[in-house]
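Q:
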Amino acid sequence: MSFVKFENVSLAYSNSKQLAIKDINFSINENELVALVGPSGYGKSTFMKLTSGLLSPSEGYVFVNKREVVGPQKCVGMAFQASNLLPWRTTLQNVMLPMEIVEP
Ligand SMILES: Nc1ncnc2c1ncn2[C@@H]1O[C@H](COP(=O)(O)OP(=O)(O)O)[C@@H](O)[C@H]1O
Ligand SMILES: [Mg+2]
């Protein structure tokens, strides 16, 4: 199975009747580098929140490392946009920051 797998995933935020993302089927293999590109509001951050377990899908299933994501994932790091980055750190050091803060 892929390292990250989305099966028929839709998400409606609780304060909205509209689906932020709809029926996503997508997978990423181990060691694969993937960039999601799209205009503001296309669901990139929603995708990351679902992958990291900060949100649960309204429909469908999200898997990371062969396990269904049912809560926050300690093995997933999110580096935010400039205002949330530490300028004295390299890109990789910023990406790895959550791994340093969160206890295993
Ligand atoms: N907390 C939220 N509550 C309600 N709707 C949201 C929330 N966050 C994002 N959305 C909506 O979900 C859709 C996808 O947003 P988002 O994932 O932030 O897009 P992107 O990261 O690609 O700019 C947009 O229509 C946005 O308005
Ligand atoms: Mg975003």
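So for the sequence shown, the numbering used here puts the first residue at 196; every next one is plus one.
Virtual Cβ for every residue (Gly too), placed ideally from N, Cα, C.
Quick caveat, the model's predicted, so the values are computed rather than measured.
Just mark Phe201 as buried or exposed, buried being the case when its beta carbon has 16 or more other beta carbons within 10 Å.
A: buried
Q: Determine which residues share a DSSP beta bridge with Val257 and list them.
A: Phe201
Q: Please list, following the chain, all residues that have a C-beta closer than 6 Å to any non-hydrogen atom of ligand 2.
A: Lys239 and Ser240
Q: Using beta-carbon positions only, say whether Ser247 and Val271 come within less than 7 Å of one another.
A: yes
Q: Does Ala230 pass the burial test, meaning 16 or more other C-beta atoms within 10 Å, or should it be called exposed?
A: exposed
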